[in-house]
Amino acid sequence: MTPEIKTIVFDELLFEYRYWKGPKPAIVLLHGLSSTSMIWDLICPKLVDSFSCYAIDLRGHGNTSKPNAGYDFHTMIKDVNHCIQMLGLSNFILIGHSWGGNLALDYASKFKNVHQLILIDGGFIEFSTIPGIDWPLIKKFLTPPDVSKFKWNELVLKMKKNKSSNIALNWNNQIESIRKNSFIIDEKNYVTRKLTINNHLKILKNLYNHYPSDLFSKVNIPTKIIEAKRNNIESEIHLGFEFMKEKIFPQIKNLSNYSITTMQETLHDIPLHKPNELVNIIKEFVKETATV
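The working numbering puts the first residue of the sequence shown at 874, with every later residue one more than the last.
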């Protein structure tokens, strides 16, 4: 099922979103850092028998406007709320992936129009829980490489060889199209990031200073955290995620409105790696907690 591509304009900024028409309630989906709304293309067609889906390209990402400022949590949450108000949504389900999970948690802690919250391998990202971590180290390990010297086919080969992401495990034409949407391809097939490295680092610095542990108790609605679990820790990033979960999850388990589901041997980009299993978890959680 192909989504409708629509736009919202406010404060001289254009926000693009993908819309899959279905019954109420609505689901609003927030992608992760340096991703786009297309990451939801494998799950939303399987959700429209029960929900309407709205996947937003966040500030600086995809085909949404790319100003040089406004990449702090306060401003980006205001962006999301503007979009939700202009769409006329209330009592909706909010889903966030990775950094988008932290945004979703922060949004739900401040606005009372969310009925259920789902955080997909995110919402718990709190770098201060990692021993010995500081901003220079985060910047060193997580600054994205300059890809402007690559043609698209060369970049695809490079991504497939990245052992830390194991992205090649389920690569196909549709997933290549989804990955490609994070880049601009010129007439000579050379690549430029849609989210500039400078704007990426602004978001990353704000994520470094974000403390979801201060927010969990402020969210009183049914909340599901879906974690991707790998038996083999193959990079500093995976190890960091395990440290964060080790520190954060015991706090979450003490809150009765939270539940955690672990997806074994799953990549961080769960919506691309295991979309069918993810859809089943979402539907089951929403059904079980609909009257809470």
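C-beta atoms are modelled at their ideal positions from N, C-alpha and C, and glycine is treated no differently. Since the structure is predicted, the reported quantities are computational estimates derived from the model, not experimental observations.
Using 8 Å as the threshold, is the C-beta distance between I1110 and L906 below it? Not in contact: I1110 and L906 (Cβ atoms no closer than 8 Å).
Taking 7 Å as the cut-off, does the CB of R932 come closer than this to any heavy atom belonging to the ligand HEM? The ligand HEM is not part of this structure, which contains no ligands at all.
H970 vs P1017 beta-carbon contact at 8 Å: no
Check whether the Cβ atoms of Q989 and V1152 sit closer than 8 Å, and answer yes or no. no
Between the alpha carbons of L1080 and M949, how many angstroms are there, rounded? 12 Å
Residues bridged to T880 [DSSP beta-bridge criterion]: For T880, which the question treats as bridged, DSSP gives the partners E889.
From N986 to K1156, what distance separates their C-alpha atoms? 20 Å
Applying the 10 Å Cβ sphere with the 16-neighbour rule, what's the burial state of W893? By the 16-neighbour rule on beta-carbons within 10 angstroms, W893 is buried.
Starting from Y1081, follow the alpha helix (DSSP H) in both directions and report where the run begins and ends. I1070 to Y1081
Rounded to a whole number of angstroms, what is the C-alpha to C-alpha distance between K898 and D1059? According to the sequence displayed, residue 898 carries Pro and not Lys. Their Cα atoms are separated by approximately 40 Å.
Beta-bridge partners of S925, as assigned by DSSP: A899
Where P876 and P1004 are concerned, what is the direct C-alpha to C-alpha distance, given to the nearest angstrom? 43 Å
Segments of 3+ residues assigned as beta strand (DSSP E) that fall wholly inside the stretch 954 to 1034: 965 to 970 and 987 to 993
Spatial distance of S963 from I900 (CA atoms): 10 Å
Between which two residues does the alpha helix (DSSP H) containing E1115 stretch? E1109 to K1126
Just to confirm, are E1100 and K1118 a CB contact at a threshold of 8 Å? yes
Bridge partners - M873, DSSP secondary structure assignment: There is no way to answer for residue 873, as the model of the chain reaches only from 874 to 1165.
Taking I916 as the reference, give the member of F1023, K951, R891 and I1070 with the closest Cα. R891
Does the stretch 942 to 961 come within contact of the stretch 923 to 932, defined as at least 3 CB pairs closer than 8 Å? yes
Which value, in whole angstroms, describes the spacing of the CA atoms of S910 and E1049? 14 Å
Is I1155 helix, strand or coil by DSSP? helix
Can you check which of these residues, S938, H1141 and I1098, is closest to G1113 by C-alpha distance? H1141
Reducing DSSP to helix, strand and coil, say where T1096 ends up. strand
Find out if the Cβ-Cβ distance for the pair E889, G933 is shorter than 8 Å. Cβ atoms of E889 and G933: not closer than 8 Å.
Give a yes or no on whether the C-beta atoms belonging to P940 and L887 are separated by under 8 Å. Not closer than 8 Å, so no.
For T1065 and I1057, believed in contact at Cβ under 8 Å, the rounded distance: 4 Å
Rounded to the nearest angstrom, what separates K1013 and F1000 at their Cα positions? A direct Cα-to-Cα measurement between K1013 and F1000 gives close to 14 Å.
In three-state DSSP terms, what is I950? helix
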